[in-house]
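Protein sequence lines correspond, in order, to chains A and B.
In our numbering, each residue carries its 1-based index in the first sequence increased by 59.
In our numbering, each residue carries its 1-based index in the second sequence increased by 59.
2 protein chains.
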Amino acid sequence: MMALRYGDEMVVIDAGLMFPEPELLGVDIVIPDISFLLENRPQLKAILLTHAHEDHIGALPFVIDDLPVPVFGTEFTLALVESKLREHGLLDTTERRVVRPGEPFQLGSFKIEYIHVTHSIVGACAIAITTPAGVVIHTGDFKIDPTPTDNIPFDLHRFADYGQKGVLALCSDSTNVDRRGYTGSELSVRERFDEVFANATGRIFVCCFTSSIHRIQLAVELASEYGRKVAFLGRSMENNTSIAYDLGFLHIPDGLLLRPQDIRSAPRDQTVVVISGSQAEPMSALARVSVNNHKSAEISPGDTVILSSRMIPGNEKDIYRMINHLFRRGAKVVYDSGSYPPIHVSGHASQEELKLLINLVRPRHFIPVHGEYRQLELHAELARSLRVPHLEAHHLQTGDLVEIDQQGLVRAGTVPSGRVLIDSGSADEMIEDVVVRDRRHLAEDGIVLPVVALNKATGKIQALPEITSSGFVSPELANGLMARAREVVEQTITSSSIEEIGDYAVVKEKIRRELKRFLQRQTNKRPLILPVILEI
Amino acid sequence: MMALRYGDEMVVIDAGLMFPEPELLGVDIVIPDISFLLENRPQLKAILLTHAHEDHIGALPFVIDDLPVPVFGTEFTLALVESKLREHGLLDTTERRVVRPGEPFQLGSFKIEYIHVTHSIVGACAIAITTPAGVVIHTGDFKIDPTPTDNIPFDLHRFADYGQKGVLALCSDSTNVDRRGYTGSELSVRERFDEVFANATGRIFVCCFTSSIHRIQLAVELASEYGRKVAFLGRSMENNTSIAYDLGFLHIPDGLLLRPQDIRSAPRDQTVVVISGSQAEPMSALARVSVNNHKSAEISPGDTVILSSRMIPGNEKDIYRMINHLFRRGAKVVYDSGSYPPIHVSGHASQEELKLLINLVRPRHFIPVHGEYRQLELHAELARSLRVPHLEAHHLQTGDLVEIDQQGLVRAGTVPSGRVLIDSGSADEMIEDVVVRDRRHLAEDGIVLPVVALNKATGKIQALPEITSSGFVSPELANGLMARAREVVEQTITSSSIEEIGDYAVVKEKIRRELKRFLQRQTNKRPLILPVILEI
Numbered sequence: 060m061m062a063l064r065y066g067d068e069m070v071v072i073d074a075g076l077m078f079p080e081p082e083l084l085g086v087d088i089v090i091p092d093i094s095f096l097l098e099n100r101p102q103l104k105a106i107l108l109t110h111a112h113e114d115h116i117g118a119l120p121f122v123i124d125d126l127p128v129p130v131f132g133t134e135f136t137l138a139l140v141e142s143k144l145r146e147h148g149l150l151d152t153t154e155r156r157v158v159r160p161g162e163p164f165q166l167g168s169f170k171i172e173y174i175h176v177t178h179s180i181v182g183a184c185a186i187a188i189t190t191p192a193g194v195v196i197h198t199g200d201f202k203i204d205p206t207p208t209d210n211i212p213f214d215l216h217r218f219a220d221y222g223q224k225g226v227l228a229l230c231s232d233s234t235n236v237d238r239r240g241y242t243g244s245e246l247s248v249r250e251r252f253d254e255v256f257a258n259a260t261g262r263i264f265v266c267c268f269t270s271s272i273h274r275i276q277l278a279v280e281l282a283s284e285y286g287r288k289v290a291f292l293g294r295s296m297e298n299n300t301s302i303a304y305d306l307g308f309l310h311i312p313d314g315l316l317l318r319p320q321d322i323r324s325a326p327r328d329q330t331v332v333v334i335s336g337s338q339a340e341p342m343s344a345l346a347r348v349s350v351n352n353h354k355s356a357e358i359s360p361g362d363t364v365i366l367s368s369r370m371i372p373g374n375e376k377d378i379y380r381m382i383n384h385l386f387r388r389g390a391k392v393v394y395d396s397g398s399y400p401p402i403h404v405s406g407h408a409s410q411e412e413l414k415l416l417i418n419l420v421r422p423r424h425f426i427p428v429h430g431e432y433r434q435l436e437l438h439a440e441l442a443r444s445l446r447v448p449h450l451e452a453h454h455l456q457t458g459d460l461v462e463i464d465q466q467g468l469v470r471a472g473t474v475p476s477g478r479v480l481i482d483s484g485s486a487d488e489m490i491e492d493v494v495v496r497d498r499r500h501l502a503e504d505g506i507v508l509p510v511v512a513l514n515k516a517t518g519k520i521q522a523l524p525e526i527t528s529s530g531f532v533s534p535e536l537a538n539g540l541m542a543r544a545r546e547v548v549e550q551t552i553t554s555s556s557i558e559e560i561g562d563y564a565v566v567k568e569k570i571r572r573e574l575k576r577f578l579q580r581q582t583n584k585r586p587l588i589l590p591v592i593l594e595i
Numbered sequence: 060m061m062a063l064r065y066g067d068e069m070v071v072i073d074a075g076l077m078f079p080e081p082e083l084l085g086v087d088i089v090i091p092d093i094s095f096l097l098e099n100r101p102q103l104k105a106i107l108l109t110h111a112h113e114d115h116i117g118a119l120p121f122v123i124d125d126l127p128v129p130v131f132g133t134e135f136t137l138a139l140v141e142s143k144l145r146e147h148g149l150l151d152t153t154e155r156r157v158v159r160p161g162e163p164f165q166l167g168s169f170k171i172e173y174i175h176v177t178h179s180i181v182g183a184c185a186i187a188i189t190t191p192a193g194v195v196i197h198t199g200d201f202k203i204d205p206t207p208t209d210n211i212p213f214d215l216h217r218f219a220d221y222g223q224k225g226v227l228a229l230c231s232d233s234t235n236v237d238r239r240g241y242t243g244s245e246l247s248v249r250e251r252f253d254e255v256f257a258n259a260t261g262r263i264f265v266c267c268f269t270s271s272i273h274r275i276q277l278a279v280e281l282a283s284e285y286g287r288k289v290a291f292l293g294r295s296m297e298n299n300t301s302i303a304y305d306l307g308f309l310h311i312p313d314g315l316l317l318r319p320q321d322i323r324s325a326p327r328d329q330t331v332v333v334i335s336g337s338q339a340e341p342m343s344a345l346a347r348v349s350v351n352n353h354k355s356a357e358i359s360p361g362d363t364v365i366l367s368s369r370m371i372p373g374n375e376k377d378i379y380r381m382i383n384h385l386f387r388r389g390a391k392v393v394y395d396s397g398s399y400p401p402i403h404v405s406g407h408a409s410q411e412e413l414k415l416l417i418n419l420v421r422p423r424h425f426i427p428v429h430g431e432y433r434q435l436e437l438h439a440e441l442a443r444s445l446r447v448p449h450l451e452a453h454h455l456q457t458g459d460l461v462e463i464d465q466q467g468l469v470r471a472g473t474v475p476s477g478r479v480l481i482d483s484g485s486a487d488e489m490i491e492d493v494v495v496r497d498r499r500h501l502a503e504d505g506i507v508l509p510v511v512a513l514n515k516a517t518g519k520i521q522a523l524p525e526i527t528s529s530g531f532v533s534p535e536l537a538n539g540l541m542a543r544a545r546e547v548v549e550q551t552i553t554s555s556s557i558e559e560i561g562d563y564a565v566v567k568e569k570i571r572r573e574l575k576r577f578l579q580r581q582t583n584k585r586p587l588i589l590p591v592i593l594e595i
């Protein structure tokens with residue numbers, strides 16, 4: 060989230076979420092602290108969204124109630140936002156305004172123009188904001204793809220125009236600043252996909268991020284070429300593809316679609332399943348298919364699974380475990396192992412593209428955004444190394460307040476910032492209820508510790524699960540409740556497959572989820588639940 | 060661990076350990092189940108070690124008491140083993156026999172020959188075992204490095220000899236089977252190191268695996284060329300380099316060595332610190348330096364840190380967090396981001412090398428080893444794709460018992476196998492005491508749950524830590540004890556730097572360690588300690 064203020068008018072760019080480090084037990088998502096915006100609420104005119112990835116729009120449902128301003132974005136971005144708002148019952152109360160690249164509009168003192176960029180999602184834009192003090196450009200997330208699959212090129216000319224007229228500040232995506240050279244084009248994935256499709260005999264599962272409409276379009280096109288029908292599997296995959304189809308961003312030839320419930324009965328060599336779960340999230344569709352626990356689909360020996368996505372740092376072990384499961388079921392698995400042609404390409408610009416953009420825009424101030432400390436530092440250094448006349452590069456931290464003009468940048472202190480932790484109430488992609496959890500009050504709801512002794516080889520529990528609790532309910536009440544809670548835990552394990560039980564992350568998540576539901580129903584409290592598995 | 064039996068004589072190859080998945084709380088290391096070997100104890104003649112990496116020798120101190128047979132290995136391998144045995148008080152009771160490559164020896168019906176291979180550690184060998192039923196070759200870990208830094212080439216000729224005479228079975232390293240092409244030579248790292256050394260103005264920290272003597276030698280040579288002295292920092296780094304130096308594997312010019320206690324006072328531009336902690340282990344030397352909490356060394360702005368090692372899957376997030384800390388302290392950090400020339404190369408063979416070896420040895424049976432399920436499967440497929448006459452490739456799992464001869468391979472059932480969990484009593488590289496923990500008895504020692512409410516921004520505790528325990532000590536005793544335990548936790552946090560506190564993995568590990576010590580001293584029990592951090 061970045062706020063831009065001129066006089067007493069302010070706009071905010073993006074409102075993203077993060078997923079917490081595993082040490083933050085009991086927290087599902089993390090959103091920005093908006094205290095500063097609340098304090099300056101009357102100044103806020105709009106929230107401008109660059110694109111529809113979770114780390115840019117995910118916090119919106121949690122902040123829009125307190126910041127009821129119009130939300131701007133491209134058609135596809137707002138469609139995904141609307142789907143979120145609907146889930147949270149916020150659709151009717153939120154004003155949305157569709158923006159088209161190249162059609163600037165005025166908002167108080169700001170002239171705002173969306174500029175089309177290439178990225179791993181459709182409808183991604185940079186935003187150029189012209190203020191009386193100068194132009195500020197925020198790139199959003201981008202790469203400079205010379206051959207985008209939808210033939211809509213990165214709008215080099217608009218950036219060049221702004222660069223020619225003079226830009227006060229450029230805020231640019233720092234994700235891949237540690238990669239030399241150029242990021243591969245989205246088109247370069249087609250060669251490898253084609254090779255895999257040509258050689259596949261059984262079903263083909265294609266797993267990618269559910270917002271990667273370009274990648275999904277590729278799977279659909281190849282399915283059509285190779286005489287296969289396409290099913291979409293997984294809640295957000297079904298949701299996103301349906302939105303993209305309705306808006307005309309995803310083209311599916313007539314008669315090509317296969318319903319999830321028909322996957323099992325369709326001829327295997329005429330089937331493609333586009334499926335979610337690229338990060339091996341325990342309850343995702345592919346994770347469940349990999350342990351043969353999905354109602355609509357299964358792996359048969361000889362099926363092919365394409366993992367066309369990045370392994371997000373921290374998830375590698377889970378992903379490799381899922382890949383092993385898939386191999387055990389007899390699948391051929393094609394995953395990103397650095398070989399060429401690539402099965403996945405990044406959506407973020409590498410060093411040469413980042414340099415090109417800075418040289419095009421040649422801003423007075425360069426402010427790296429969208430990266431950890433090391434990436435912001437490297438990006439600032441990269442910008443300095445270009446020797447653009449008068450360019451100053453600044454490494455800013457979340458919470459830094461700065462004042463900029465042609466004279467320079469003044470650090471004007473810091474504002475409250477940080478992370479707000481959200482316990483979304485459920486992990487199976489369904490938002491049942493949401494609590495912006497004040498962690499200081501956690502002690503009131505207490506901690507529940509189910510301890511299960513498991514034999515990994517047999518998948519059997521060795522003794523009745525123990526449940527310890529602290530600060531949760533009165534001991535008397537707890538006794539009866541805990542006896543039933545033990546049964547819930549036991550039931551959860553008994554109903555799991557041996558492969559699920561071999562995967563402690565999955566067992567723990569299942570126990571946590573079931574117990575949470577049970578305890579909330581019984582007591583209306585939401586204790587922190589920490590499952591402990593003892594392997595014996 | 061692999062056992063090879065002919066008649067009633069048996070040898071075991073390697074005895075490695077694994078590090079547990081984080082879900083296995085309270086477990087520090089995992090070793091193989093040796094039930095089968097205990098049942099067949101009289102048949103066991105020897106343990107043959109291929110090389111001195113932890114995943115090949117780490118379990119030795121835990122099994123040698125029950126399997127008191129001679130241990131064979133090269134000079135360097137046994138030197139590292141001896142250092143371990145000494146720590147466990149097992150040196151005097153363990154028979155060790157130094158083996159030299161190319162000098163075969165007889166052991167009952169087995170003729171055993173060590174064959175020199177290139178790998179990321181010195182003294183790495185394959186083992187060829189000639190039995191009356193045929194020759195079995197186990198590669199250990201290897202790559203085929205055309206330009207090893209010590210000029211001792213991979214012994215292609217011995218493999219060719221065996222291949223010419225006929226080999227019954229080849230067991231080969233599967234680690235990098237998913238990488239196309241060739242793995243880079245150890246020499247290719249020198250170019251990048253040289254570039255970094257040439258441009259460095261402050262101190263240079265070089266972090267790599269502590270057994271990577273080739274890599275350490277490179278740092279020493281460049282230090283000497285660029286007029287810098289070298290200090291070794293971190294317990295296992297100091298230990299391993301001292302052993303390698305004594306044995307003549309590490310050459311250090313006279314007067315080049317700098318003592319750890321002299322690092323701070325030495326001229327920064329004349330200092331190289333070779334340091335352990337490449338996986339950002341919370342108590343490792345570099346992790347402590349990165350948060351300015353090491354007694355002997357610190358980062359000054361302008362210092363350079365080279366991370367010359369692989370990020371082991373599962374550790375990426377911790378490593379990137381450490382890198383951010385280093386950047387914050389003003390260091391330039393050079394880490395493996397896929398750019399060329401490489402700052403690190405793998406020690407394991409890629410596809411072309413694996414094919415070359417199979418074609419050289421052309422075994423009757425091919426058995427992939429050293430990999431997860433997916434890697435073993437891919438390696439078996441790779442071998443089949445070569446069309447070596449009569450070659451059969453078999454995907455075996457841990458615990459499979461097979462009988463092989465020229466006719467074929469017969470699956471003869473499975474033997475008990477699995478994982479034994481070890482709680483080493485301490486996490487700071489010091490082995491104080493070791494418990495092969497029978498997890499069924501864990502309930503007896505109970506569970507202790509320290510809950511700390513932390514303000515990440517200020518690094519302050521918001522309330523006195525809560526401690527909940529279950530099945531640990533009697534409630535009366537617990538009250539007094541827990542009051543003091545709360546103080547221990549509080550003390551641990553108060554004495555930590557704000558950067559450590561921002562790093563929950565570190566805080567948790569510190570709390571776990573201090574509390575474990577305290578409780579064990581007070582009660583002689585070893586409960587499972589699960590620190591919970593609440594961010595507020």
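Glycine residues also receive a C-beta, built at the ideal position from the N, C-alpha and C atoms.
Neighbour-count burial assignment, residue i, 16 or more Cβ in a 10 Å radius
{"i": "R145/B", "result": "exposed"}
{"i": "S409/B", "result": "buried"}
{"i": "K569/B", "result": "buried"}
{"i": "Y563/B", "result": "buried"}
{"i": "A278/A", "result": "buried"}
{"i": "P427/B", "result": "buried"}
{"i": "K567/B", "result": "buried"}
{"i": "P524/B", "result": "buried"}
{"i": "P326/B", "result": "exposed"}
Residue i - DSSP class collapsed to helix/strand/coil
{"i": "I263/A", "result": "strand"}
{"i": "F201/A", "result": "coil"}
{"i": "V122/B", "result": "helix"}
{"i": "I188/A", "result": "strand"}
{"i": "D464/A", "result": "coil"}
Delimiting residues of the beta strand (DSSP E) encompassing residue i
{"i": "V428/A", "result": "H424 to V428"}
{"i": "S62/A", "result": "Looking at the sequence shown, residue 62/A is not Ser but Ala. Start and end: M61 to Y65."}
{"i": "A105/A", "result": "L103 to L107"}
{"i": "S231/A", "result": "A228 to D232"}
Residue range of the alpha helix (DSSP H) that includes residue i
{"i": "M296/B", "result": "R294 to D305"}
{"i": "Q434/A", "result": "Y432 to S444"}
Residues near residue i by beta carbon distance below 7 Å, same chain, minus five either side
{"i": "E340/B", "result": "A346"}
{"i": "R576/B", "result": "none"}
{"i": "L166/A", "result": "V70, K104 and A105"}
Neighbourhood of residue i by C-beta, 6 Å cutoff - its chain only, sequence neighbours within 5 removed
{"i": "S179/A", "result": "S271 and G406"}
{"i": "A62/B", "result": "M69 and V71"}
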